[in-house]
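Notes follow the structure.
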Amino acid sequence: MLVPTAHDEPALGLSIYEPVFHAPRVIAYNTEEERAIVRRRFHNERVPSDIMGVGVDVPEDRSADRFRERFGIEGPFILYIGRIVSSKGCVDLFERWQRWRSSDPERNVKLVLIGQPEMAIPTRDDVVH
Numbered sequence: 055m056l057v058p059t060a061h062d063e064p065a066l067g068l069s070i071y072e073p074v075f076h077a078p079r080v081i082a083y084n085t086e087e088e089r090a091i092v093r094r095r096f097h098n099e100r101v102p103s104d105i106m107g108v109g110v111d112v113p114e115d116r117s118a119d120r121f122r123e124r125f126g127i128e129g130p131f132i133l134y135i136g137r138i139v140s141s142k143g144c145v146d147l148f149e150r151w152q153r154w155r156s157s158d159p160e161r162n163v164k165l166v167l168i169g170q171p172e173m174a175i176p177t178r179d180d181v182v183h
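In terms of our numbering, the sequence shown opens at residue 55 and continues consecutively.
As structure tokens, then:
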């Protein structure tokens, strides 16, 4: 069984992956979008597959107020969770964030990032890591 966790990035275009996506008896994808990317790239529809997803155990003692207080976040925010790296689209995210915020400076919203930074994070009052 292959669990690829594939996403649209340049490495997926390497020829070495062609046999990898044709060899397994079954592929377990996390999302339908992931399966579509792989099938579009490798044309491996003959390999049986299913969407397995990823489970998340939500703690019972969760508290939005505690989260906001701990990280100093007030008001509305948009949350990004994942490695902070250009291959995950973070360069584009930061550029679009700046453009969106500049189009209406009165917007009271922050971009909150959770993840390991592997690139520079913009130093802005509306970006919190």
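For every residue, glycine included, the Cβ atom is placed at its ideal position computed from N, Cα and C.
(message) Taking its Cβ as the centre, do 16 or more other Cβ atoms sit within 10 Å of Arg89, making it buried, or is it exposed?
(response) Residue environment for Arg89: buried (at least 16 other C-beta atoms within 10 angstroms of its C-beta).
(request) Using a Cβ cut-off of 8 Å (strictly closer), state whether Val166 contacts chain D. (result) Protein chains in the displayed structure number just one, and chain D is not present.
(request) Can you grab the Cα-Cα spacing for the pair Ala82 / Ala60, in whole Å? (result) Between Ala82 and Ala60, the C-alpha separation is close to 11 Å.
(request) Would you identify the three-state DSSP class for Leu147, choosing helix, strand or coil? (result) Assigned with DSSP and collapsed to three states, Leu147 falls in helix.
(message) Below 8 Å, how does it come out for the region 136-153 and the region 101-118: are there three or more Cβ pairs, yes or no?
(response) No contact exists between the region 136-153 and the region 101-118.
(request) Just mark Val80 as buried or exposed, buried being the case when its beta carbon has 16 or more other beta carbons within 10 Å. (result) Flag for Val80 reads exposed.
(message) Taking the alpha-carbon of Arg161 as reference, which of Ile132, Leu167, Arg120, Gly169 has the nearest alpha-carbon?
(response) Closest option to Arg161, Cα to Cα, is Ile132.
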